[in-house]
Amino acid sequence: MPKNINSYSAENSQVNWFIWFLLIVVSIVAIIFTSKYASVGVNLFNSNGMENYKAKVIEIISAEESVNDVFFDNAGIEDLVIKFKCVILDGENFGKRVTASQSFSSMYTGSELIKKVEVGDKVVVSKQSIGETDFEWFFMGYYRFDKIIVLALVFALLLILIGRLKGLNALISLSFTAAFVFKVFLPWVLSGKNIYIGIALTAVFTIVMSLLLIQGPGVKGLVTIISCCIGTAFSALVPYVMNKSLKLSGLLDEDSIYLLLMNTEFKMDLVAIIYAGIIIGALGAVMDVATDIASSLYEITFHVPDVSFRSLFKSGMEISRDIMGTMTNTLVLAYIGSSLSSILLLVTYTPSLMELLNREMIIVELLQTFSGSIALLLTAPTTVLISSFHYTSILRYKKNELRKTHFIEIDTI
């Protein structure tokens, strides 16, 4: 099959497959060893004495209403308790049939929106100690993860069918990125290590691993990696410069307070967490922009091998202007969508627009938006410049060398 200069050649296919395999192995080893270092002294997913199990409802025993006046004398707080039998589907109690209860209280707004259990529902139940030997089982929520797994499999299948080998590589890189974040970066933060170093390692690993897998170890991949590293540095520079003038504390919501109270051995750096969140939020968009521009300019250079640096740079800037407009909108809408409920509450209960815009939570959202957008705006011309230089010099030099060795059909290389 004809391939371009950046692709794997038939003569070097074994070498390229070896590089691919080596990259997979190196990524796995890097995640395992850095995870061991990052996880020292960290206990993730602490149950605090609670045991949760997946179960299937097999019988509804009763549904009883009562008035709860323990805490509110004659307040008319109505409770609805549904008792049901279920069979445990995992863990040490697999196959065991237990009686659990689902409770509703009018004291809690919105409890009526929760669906009442029915026979056949998959639920999560919690086993809690009552005294020294007795246990009670309580409904914790509906088991939904199996449906998400189906959706994830559909996504993976479409990615491989449409993207083929590159789709498979994209899926592998996504898995490695998620593994690094959850196995390395999060334990790194929770163990009290330097968050700035942790996010730098995460960004470099994600960029290099993803682009080498997807783009390959060619000049196009190298150009994209350099551009992404520079663009990510831009996204880190903006909040660094703005930090002192904004006087951020990191106390955005109750979750921030819980982080401060969670560990008494060290003080959690909440500002550094904001900083890391900005970089993670901008990283994907920066990689997207750099990849789009680098790939577009490579195709122009391949089909028009005599294009000049000036012409290629001019074409690249035209392409980047179209990409920048849509990607900036994507970034802004993603930030708004992720915190829509909080924004609705703040707009409703804040007395004025000035007070709303001065809340630290909103300031951080704006900082994320502008930092990511500025990073995109600067990544685009940077990628155009680097791509234009490399493609009009290195690639043309390679083509000339190939012609000298009588390889007339460049497409077959």
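If you're matching positions, the sequence shown starts at -5 in my numbering and goes up one per residue.
Ideal Cβ placement from N, Cα and C applies to all residues, glycine included.
| Check | Outcome |
| --- | --- |
| S408 and T226 closer than 8 Å at C-beta | The shown model of the chain, from -5 to 407, leaves out residue 408, and the question about it has no answer. |
| Alpha-carbon to alpha-carbon, D128 and K90 | 16 Å |
| At least three beta-carbon pairs within less than 8 Å, the segment 277 to 295 to the segment 211 to 230 | yes |
| Distance, M44 Cα to L184 Cα | 22 Å |
| R304, enclosing beta strand (DSSP E) - first and last residue | No beta strand (DSSP E) contains R304, which is instead part of the alpha helix (DSSP H) from 303 to 332. |
| Through-space distance from K308 to V301, alpha-carbon basis | 11 Å |
| Beta-bridge partners of E112, as assigned by DSSP | Beta-bridge pairing links E112 to no other residue. |
| For G244, three-class secondary structure by DSSP | coil |
| Cα-Cα separation between C222 and L350, rounded to whole angstroms | 34 Å |
| Length of the line joining the Cα atoms of I55 and F132 | 14 Å |
| Under 8 Å between C-beta atoms of F174 and I25 | yes |
| Coarse secondary structure for G271, derived from DSSP in three states | helix |
| When V36, K121, T295 are compared against Y47, the one with the closest alpha-carbon | K121 |
| Neighbour-count burial assignment, T32, 16 or more Cβ in a 10 Å radius | Note that residue 32 is Ala in the sequence shown here, rather than Thr. The residue is buried, with at least 16 neighbouring Cβ atoms inside 10 Å. |
| Simplified DSSP state of M236, which is helix, strand or coil | helix |
| Closest Cα partner of V326 within the set S367, K214, V119 | S367 |
| Through-space distance from Q209 to V280, alpha-carbon basis | 15 Å |
| Whole-angstrom distance between I356 and S333, CA atom to CA atom | 10 Å |
| Test item: CB-CB of L253 and L246 under 8 Å | no |
| Cα-Cα separation, D67 to L74 | In this predicted model, D67 has a pLDDT of only 49, less than 50, meaning its place in the structure is not dependable; the value taken from the coordinates is given anyway. D67 and L74: Cα-Cα distance of roughly 18 Å. |
| Inter-stretch contact at 8 Å, needing at least 3 Cβ pairs: the segment 310 to 317 / the segment 368 to 383 | yes |
| Residue interval of the alpha helix (DSSP H) (run including M348) | 347 to 352 |
| Pair within 8 Å by beta-carbon distance, L17 and L206 | yes |
| Reduced DSSP secondary structure (H/G/I, E/B, other) of S33 | coil |
| Among G85, K50, F88, the one whose alpha carbon lies nearest that of A94 | K50 |
| Local Cβ density within 10 Å of I156, reported as buried at 16 or more and exposed below that | exposed |
| Short Cβ contact (8 Å threshold) for P233 with L361 | yes |
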